[in-house]
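Trainee: So that we are looking at the same thing, I have put the structure below in structure tokens.
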Amino acid sequence: MQNENIIKGQGAQRNVINRFDRFTFEPEDEDFDIIKTSFTEVFPKTIVNQVKSEDLPMEYSMNPYQGCEHGCSYCFARPTHEYWGYSAGIDFERKIMVKKNAPELLEKFFRKRGYKPEPILMSGNTDCYQPAERQFEITRQLLKVCLDYRHPVNVLTKNALVLRDLDILKPLAEQNLVSVSLSIPTINEDLRRKMEPRTSTANNKLKAIEVLSENNIPVHVMVAPIIPGLNSDEPLSILKSISDAGAQSFGYTLVRLNDTVEPVFVKWIEAQFPDRAQKVLNLIRSMRGGNLGDKRYFERQKGSGNIAEMIHNTFKIGRKKFFDEKEFPKLSTDGFTGTKEQQLKLF
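Start counting the sequence shown at 1; every next residue gets the next number (full-length UniProt numbering).
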């Protein structure tokens, strides 16, 4: 039976202690229900990050927002909020930092002498189409800069709001400069509302795949994370649904709960699924050598043990059955010259 005291529409049920703070303040339980989302403008000196993780395929990423309103309890980005003096719990979802100068910084980056273009992942940490984007439109402005400079960009999101920017995505796609990755961990709408309470519905995400594909915009899907005992029975049905909708490729990850993600997730699953919380936690431990998290490069993606192997085999079957003849295009860097003007490269 679901706990009646949970904060609805919220992933984190409490703030968790910031690892870097000596003192903490925790509101009373009833206060959490009246805390409103706040937005704070910050002024970074750069917007493009070089990705140094050995097991990640992208060279660069950029995040117009810090913190995320979507409310996924398992989000790996939660601990990054602690560097700003906030909690990885409720603060991560309700104290959002906004980088309004991001488009100007991106132009500056593109104009750097000697820069060799590589596709940039839009998101990578927090969602570039989270609800704040409706108000601030920073992602839209960044896409315009990419179009102006003919620079390739990969967009990763859980939100069908991406369709708002079709007028920019279509000319980018005509020059082979964009792909969209949608995160779809479940197509069970009851489960989706609990796992990612403020994202688009599963049906709207599938519809977004259809619309993007109809407009010749390549679509990749991240079936992530797979949580044993929650959505681990869904891979084949998800893969069939996204393939039918027009997705050209997919990836997946197994859940891992590093640092302060762990207490957030534990409180969430105990509140949402008290009848099977310990079973799910034990299944995760079985994939992580007795722990709930794993930071080892490459191993953190795979997990180990019988449960992990069963999940991997299921995705192998799904790939062969639903994606065997599909191929995802590689984005082009040929049109980039470091200026807005269309000119031929000398070399």
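Note that the Cβ used here is the ideal one computed from N, Cα and C, for glycine as well.
Closer than 6 Å by C-beta to residue 247: which residues in its own chain qualify, once you throw out the five before and the five after it? Chain order, please.
Mentor: The residue you call residue 247 lines up with position 247 of the sequence shown. Excluding residues within five positions, the ones whose Cβ falls inside 6 Å are 209, 219 and 221.
Trainee: How about residue 97: is its C-beta nearer than 8 Å to some C-beta of chain C?
Mentor: The chain labelled as chain C is not found in the depicted structure, where only one protein chain is given.
Trainee: Would you kindly work out how many angstroms separate the C-alpha atoms of residue 285 and residue 292, rounded to a whole number?
Mentor: Mapped onto the sequence shown, residue 285 falls at position 285. Mapped onto the sequence shown, residue 292 falls at position 292. Distance between the alpha carbons of residue 285 and residue 292: 5 Å.
Trainee: Alpha carbon to alpha carbon, how far is residue 258 from residue 96? Give it in angstroms, no decimals.
Mentor: Working through the sequence shown from its first residue, we reach residue 96 at position 96. Working through the sequence shown from its first residue, we reach residue 258 at position 258. Taking the straight line joining both Cα atoms gives about 21 Å.
Trainee: Thinking C-beta only, is residue 139 closer than 8 Å to residue 149?
Mentor: Along the sequence shown, read from residue 1 onward, the residue named residue 149 stands at position 149. Along the sequence shown, read from residue 1 onward, the residue named residue 139 stands at position 139. Taking 8 Å as the Cβ cut-off, residue 149 and residue 139 do not qualify as a contacting pair.
Trainee: For residue 120 versus residue 143, is the C-beta distance shorter than 8 Å?
Mentor: In the sequence shown, the residue the question calls residue 120 occupies position 120. In the sequence shown, the residue the question calls residue 143 occupies position 143. For residue 120 and residue 143, no; Cβs fall outside 8 Å.
Trainee: I'd like the list of long-range same chain contacts for residue 283, defined as Cβ closer than 7 Å, with 5 residues on each side in sequence excluded.
Mentor: In the sequence shown, the residue the question calls residue 283 occupies position 283. Cβ neighbours of residue 283 beyond the five flanking positions: 228, 229 and 307.
Trainee: So does the segment 109 to 128 actually touch the segment 57 to 69, counting three or more Cβ pairs closer than 8 Å?
Mentor: At 8 Å Cβ cutoff, the stretches touch.
Trainee: Look up residue 151 in the DSSP assignment and say whether it is helix, strand or coil.
Mentor: Reading the sequence shown from its first residue, position 151 is the one you call residue 151. It is coil, neither helix nor strand.
Trainee: In whole angstroms, what is the alpha-carbon distance linking residue 115 and residue 145?
Mentor: Position 115 of the sequence shown holds residue 115. Position 145 of the sequence shown holds residue 145. About 16 Å.
Trainee: Using only alpha-carbon positions, find the residue among 75, 186 and 299 that is nearest to residue 233.
Mentor: Counted from its first residue, the sequence shown places residue 233 at position 233. The candidate whose alpha carbon is nearest that of residue 233 is 186.
Trainee: How would you write the range of the alpha helix (DSSP H) that residue 247 sits in, first residue to last?
Mentor: The residue you call residue 247 lines up with position 247 of the sequence shown. From DSSP, residue 247 is part of no alpha helix (DSSP H); its letter is neither H nor E.
Trainee: Determine the closest residue to residue 298 out of 316, 256, 319 and 45, with distance taken between C-alpha atoms.
Mentor: By 1-based counting over the sequence shown, the position of residue 298 is 298. That would be 256, whose Cα lies nearest to the Cα of residue 298.
Trainee: When DSSP builds the beta bridges, which residues end up paired with residue 41?
Mentor: Position 41 of the sequence shown, counting from 1, holds the residue named residue 41. In the DSSP output, where bridge partners are listed per residue, residue 41 has 98.
Trainee: Could you have a look at residue 49 and say whether DSSP puts it in helix, strand or coil?
Mentor: Position 49 of the sequence shown, counting from 1, holds the residue named residue 49. It is a strand residue.
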